[in-house]
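So in the working numbering, the last spot in the sequence shown is 74, and the numbers never skip. All residues carry an ideal CB built from backbone N, CA and C; glycine is no exception. These numbers were taken from a predicted model, which means no experiment stands behind them. Single-structure report; data block below.
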Amino acid sequence: MKIKDYVKDLNTKSVAELNNELVAAKKELFNLRFQNATNQLDNTSRIKEVRKNIARIQTVITAKAAK
8 MKIKDYVKDL
18 NTKSVAELNN
28 ELVAAKKELF
38 NLRFQNATNQ
48 LDNTSRIKEV
58 RKNIARIQTV
68 ITAKAAK
């Protein structure tokens, strides 16, 4: 999924759905870090991608709260 499509998808979701997605992304980041520490992670760039997605989700949540 392209970044613009992902952000559009985030903007259409409610705050509760965004919070659920944020929790899922944080769990995924934890698992990726754990795999990286045990040398089981093949695609290390996925960590950076998930961190950026978490920031995108938090940005949309903050923007919706400001309205």
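Distance, residue j Cα to residue i Cα
i, j, result
"Leu25", "Val67", "8 angstroms"
"Val14", "Asn46", "32 angstroms"
"Arg53", "Ser21", "26 angstroms"
"Asp12", "Ala73", "23 angstroms"
"Thr69", "Glu28", "14 angstroms"
Exposed unless 16 or more other CB atoms sit within 10 angstroms - verdict on residue i
i, result
"Met64", "First, the residue type needs correcting, since residue 64 is Ile and not Met in the sequence shown. By the neighbour-count rule (16 or more Cβ atoms within 10 Å), Ile64 is buried."
"Asn60", "buried"
"Val30", "exposed"
Residues near residue i by beta carbon distance below 8 angstroms, same chain, minus five either side
i, result
"Ala18", "In the sequence on display, residue 18 carries Asn and not Ala. Val67, listed in sequence order."
"Leu36", "Ile54, Val57, Arg58, Ile61"
Beta-carbon proximity list for residue i, same chain, < 7 angstroms, skipping 5 on both sides
i, result
"Ala32", "Val57, Asn60, Ile61, Ile64"
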